[in-house]
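J.: Let me begin by handing over the structure; questions about it come next.
Protein chains: 2
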Amino acid sequence: MDLSKSKLKYIRSLKEKKYRTEFGTFVAEGNKLVTDLLPFIKCQLLIGTHTFLEGLDVSDVEDVIEVTESQLAQASFLQNPQQVLAVFYQPKQPENVNVDSQLTIALDGIQDPGNLGTIIRLADWYGIHNIFCSQDTADVYNPKVVQATMGALARVSVHYTDLSVFLIRNKHLPIYGTLLDGKNMYEQTISENGIIVMGNEGNGIRPEIEKLITQRLYIPNYPLGSSTSESLNVAIATAIICAEFRRRIL
Amino acid sequence: MDLSKSKLKYIRSLKEKKYRTEFGTFVAEGNKLVTDLLPFIKCQLLIGTHTFLEGLDVSDVEDVIEVTESQLAQASFLQNPQQVLAVFYQPKQPENVNVDSQLTIALDGIQDPGNLGTIIRLADWYGIHNIFCSQDTADVYNPKVVQATMGALARVSVHYTDLSVFLIRNKHLPIYGTLLDGKNMYEQTISENGIIVMGNEGNGIRPEIEKLITQRLYIPNYPLGSSTSESLNVAIATAIICAEFRRRIL
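Protein chains in written order, with the working numbering: chain S, 1 to 250; chain B, 1 to 250.
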């Protein structure tokens, strides 16, 4: 089947959140990413080259279109288009997930799509299944976020919610945050479950969220107290904290 | 003084490595970044708003131009220009630095400017003063790299070199690499000095570099051996390793 103008227009519209929300779909590109998501997330439209489609089980895909590489390039959002572009349905996230026995991440206003995607990817690496985001956090279905997740969306649920309400509902759990006046995290007791709150790239954690934090942590620099960079990138800080939480219970 | 067309053209040319190399300069933008670099790196041209320049010591700057925000926007590489854009001279890196007593990072073909900038920033956080890059690693003076370093360029030297030659010259040091068949890093002896090699985003470490690695490490996922994402982003992996090296000797 041919790649019609109306389909091209539909795909391009999914660059914008407004249309992603209206249609309840999102775009993923690249052989590995698409192959990783296909078994887990319902696919509406798969546009692939003959090489990619050969031998692939597409029985669950609603619409499959075989194209040439140059046709694919027309649809692609990437500078270097690969062999496939897919439109997936946004998975419905269950409401009121019980996170009592889990380690969970809460994101307060993360803006950079690369940071959000990288955090989802590392959450997956560390067996963290739920991420709760403030409503003003970047959209998980932004194509740049999707590409940075490297398929972790198949295993990590990303929820958008009022973070204050979420944290108050879970106030029986330890709520961790990294703050400049926190305590050296290597010297603190760390629980197997709980919520790790990470804040906006420039402004950190909002005051109304910060006051709900029960365990104020600090990632020590080296040598301790030296005048190095004042902060770490938020995805980097998230990784160092998650690695330490998991190291303790390995 | 006015922002002449020839200066605008000069600034724009610095988006390209060819011209950055020809002129030996690079661009940095934003109040905090520029203020952080000014005391450490010689500044050729500073274009700032009245608000930014007020009270700032610019006696060492060769050329200072006060502009309006809209004039600055013309010169800026950023989507949201700030109050200042500066052209700095590329610091001359000393040759044959002795890294015997240091922890050092070696980058084998890192392509993404954001990853390189983030690694430089975290190196600074962890008191790592030298990063050695293969010749095909992204250019440290690429504006996207500079912006992601958040001022760490004032304290971290980035060298471009033949990595094999560099590693062979330092083969009396432990040479660490993260490899899928490596050993759980939490169970390995770690030295206070040595070289941590990190590889390209898609292809990892080149075979000729890999064979020079003496300590093959693995960052365990959680739960151990579960089928999570197959890998971590390279800047994330670098951070987790550096954090662990520093934790041991805190």
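Note that CB positions come from ideal geometry on N, CA and C, so glycine has one too.
Determine which residues share a DSSP beta bridge with Met150/S and list them.
T.: Your numbering for residue 150/S matches position 150 in the first sequence. Note: Met150/S sits in no beta bridge, so no partner.
J.: If you measure between the beta carbons of Gly127/S and Ser226/B, is that distance less than 8 Å?
T.: By 1-based counting over the first sequence, the position of residue 127/S is 127. By 1-based counting over the second sequence, the position of residue 226/B is 226. Yes, these two residues count as a Cβ contact at 8 Å.
J.: At a Cβ cut of 8 Å, what residues of the stretch 121 to 138 of chain B count as close to chain S, listed as they run along the chain?
T.: The stretch 121 to 138 of chain B vs chain S, Cβ under 8 Å: Arg121, Leu122, Asp124, Trp125, Tyr126 and Gly127.
J.: Give me the Cα-Cα distance between Glu95/B and Lys15/B, rounded to the nearest whole angstrom.
T.: Translated into positions along the second sequence, residue 95/B becomes position 95. Translated into positions along the second sequence, residue 15/B becomes position 15. Their backbone Cα atoms lie some 26 Å apart in a straight line.
J.: Keeping to the same chain, check which residues put their C-beta closer than 8 Å to that of Ala243/B; ignore five residues upstream and five downstream.
T.: Here the question's residue 243/B lines up with position 243 in the second sequence. These residues qualify, in order along the chain: Tyr126.
J.: List, from N- to C-terminal side, the alpha helix (DSSP H) runs of 4 residues or more that fit wholly inside the stretch 65 to 153 of chain B.
T.: DSSP runs (the alpha helix (DSSP H)) wholly in the stretch 65 to 153 of chain B: 69 to 75, 113 to 125 and 143 to 149.
J.: Mind listing, in chain order, the continuous beta strand (DSSP E) runs of no fewer than 3 residues lying wholly within the stretch 9 to 38 of chain B?
T.: The qualifying runs are 25 to 29.
J.: Just mark Thr137/S as buried or exposed, buried being the case when its beta carbon has 16 or more other beta carbons within 10 Å.
T.: By 1-based counting over the first sequence, the position of residue 137/S is 137. So Thr137/S counts as buried.
J.: What do you get for Gly55/S, buried or exposed, if any count of 16 or more other CB atoms within 10 angstroms of its CB means buried?
T.: Looking up residue 55/S in the first sequence gives position 55. Burial call: exposed.
J.: DSSP three-state call for Lys171/S: helix, strand or coil?
T.: Here the question's residue 171/S lines up with position 171 in the first sequence. Coil.
J.: Between which residues of its own chain and Ala154/S is the CB-CB distance below 7 Å, once the five residues before and five after are set aside?
T.: Numbered from its first residue, the first sequence carries residue 154/S at position 154. Excluding sequence neighbours, Ala154/S sits near Asp36, Leu37, Phe40 and Ile41.
J.: When you compare the CB of Met198/S with every CB in chain B, is at least one pair closer than 8 Å?
T.: The residue you call residue 198/S lines up with position 198 of the first sequence. Met198/S does not count as touching chain B.
J.: Who are the near neighbours of Ile190/B in its chain, counting only those whose CB is closer than 6 Å to its CB and skipping five residues on each side?
T.: Start at 1 with the first residue of the second sequence, and residue 190/B comes out as number 190. Result list for Ile190/B: Phe245 and Arg248, in chain order.
J.: Ignore the nearest five residues each way along the sequence and tell me which others in Gly179/S's own chain have a CB closer than 6 Å to its CB.
T.: Walking along the first sequence from the start, residue 179/S turns up at place 179. Per the sequence shown, the amino acid found at residue 179/S is Leu instead of Gly. Arg216.
J.: Does the stretch 150 to 168 of chain S touch the stretch 22 to 32 of chain B, meaning 3 or more C-beta pairs lie closer than 8 Å?
T.: In short, these stretches do not touch, since the Cβ pair count stays below three.
J.: Taking the DSSP output, what are the residues bridged to Arg216/B?
T.: To locate residue 216/B, count along the second sequence from 1; it is residue 216. DSSP lists Gly177/B as partners of Arg216/B.
J.: Between which residues of its own chain and Ile209/B is the CB-CB distance below 6 Å, once the five residues before and five after are set aside?
T.: The residue you call residue 209/B lines up with position 209 of the second sequence. Asp108 and Leu163, listed in sequence order.
J.: List the residues of chain B that Pro220/S touches, going by C-beta distances under 7 Å, in chain order.
T.: Position 220 of the first sequence, counted from the first residue, corresponds to residue 220/S. Per Cβ cutoff of 7 Å: Leu250.
J.: Please list the residues of the stretch 93 to 120 of chain S that have a C-beta atom closer than 7 Å to any C-beta atom in chain B, keeping them in chain order.
T.: Against chain B - using a Cβ distance shorter than 7 Å - the residues of the stretch 93 to 120 of chain S are Gly114 and Thr118.
J.: Which chain S residues are close to Arg247/B, counting only those with a beta carbon under 7 Å from its beta carbon?
T.: As a first step, residue 247/B must be located in the second sequence, where it is residue number 247. Here the neighbours are Tyr186.
J.: Helix, strand or coil, according to DSSP, for Thr51/B in the structure here?
T.: In the second sequence, the residue the question calls residue 51/B occupies position 51. In the structure shown, Thr51/B sits in a helix (DSSP, three-state: H, G or I).
J.: If you follow the alpha helix (DSSP H) that Val234/B is in, where does it begin and where does it stop?
T.: Translated into positions along the second sequence, residue 234/B becomes position 234. Element bounds for Val234/B: Val234 to Ile249.
J.: If you check the beta carbons only, do Ile195/S and Ala106/S fall under 8 Å apart?
T.: Locating residue 195/S in the first sequence gives position 195, where the first residue counts as 1. Locating residue 106/S in the first sequence gives position 106, where the first residue counts as 1. In this structure, Ala106/S lies closer than 8 Å to Ile195/S by Cβ.
J.: Once you ignore the five residues that flank Gly199/B on each side, which residues in its own chain have a CB closer than 6 Å to its CB?
T.: Along the second sequence, one-based indexing puts residue 199/B at 199. These residues qualify, in order along the chain: Asp108 and Ile205.
J.: To the nearest angstrom, how far is it from the Cα of Gln82/S to the Cα of Lys183/S?
T.: In the first sequence, the residue the question calls residue 82/S occupies position 82. In the first sequence, the residue the question calls residue 183/S occupies position 183. If you take the alpha carbons of Gln82/S and Lys183/S, they lie about 46 Å apart.
J.: Listed in chain order, which residues of the stretch 189 to 215 of chain B have Cβ atoms closer than 9 Å to some Cβ of chain S?
T.: Those would be none; no residue qualifies.
J.: Does any residue of chain S bring its CB to less than 8 Å from the CB of Pro223/B?
T.: The residue given as residue 223/B occupies position 223 in the second sequence. With 8 Å as the cut-off, Pro223/B counts as an interface residue toward chain S.
J.: Would you kindly report the start and end of the unbroken alpha helix (DSSP H) that includes Ile209/B?
T.: Working through the second sequence from its first residue, we reach residue 209/B at position 209. Residues Pro207 to Glu210.
J.: State the Cα-Cα distance for the pair Asp60/B and Cys43/B, rounded to the nearest angstrom.
T.: Counting from one through the second sequence, the residue named residue 60/B turns up at place 60. Counting from one through the second sequence, the residue named residue 43/B turns up at place 43. C-alpha separation (whole angstroms): 7 Å.
J.: Compute the minimum distance between the beta carbon of Glu244/B and the heavy atoms of the ligand GTP, and state whether it is under 7 Å.
T.: For the ligand GTP, the structure offers nothing, since it holds no ligand at all.
J.: Going along chain B in order, which residues have a C-beta closer than 7 Å to the C-beta of Ser229/S?
T.: Counting from one through the first sequence, the residue named residue 229/S turns up at place 229. Arg121, Asp124, Trp125, Met150, Gly151 and Ala152, listed in chain order.
J.: Hey, could you find the ends of the beta strand (DSSP E) Ile196/S is sitting in?
T.: The residue labelled residue 196/S in the question sits at position 196 within the first sequence. Gly194 to Gly199 is the span of the beta strand (DSSP E), which, as asked, contains Ile196/S.
J.: Counting only the same chain and skipping the five closest in sequence on each side, list residues whose C-beta sits under 8 Å from that of His257/B.
T.: Since the first and last residues shown for chain B are 1 and 250, residue 257/B lies out of range.
J.: With a 10 Å radius around its C-beta and 16 neighbouring C-beta atoms as the bar for buried, classify Tyr222/B as buried or exposed.
T.: Stepping through the second sequence from its first residue, residue 222/B is reached at position 222. So Tyr222/B counts as buried.
J.: What residue does the beta strand (DSSP E) around Tyr186/B start on, and which one ends it?
T.: Within the second sequence, residue 186/B is the residue found at index 186, counting from 1. Tyr186/B -> no beta strand (DSSP E), and no H or E assigned at all.
J.: In chain B, which residues lie less than 9 Å from Ala235/S when you measure between Cβ atoms?
T.: The residue given as residue 235/S occupies position 235 in the first sequence. What Ala235/S touches in chain B: Thr118, Asn233, Ala235, Ile236 and Ala239.
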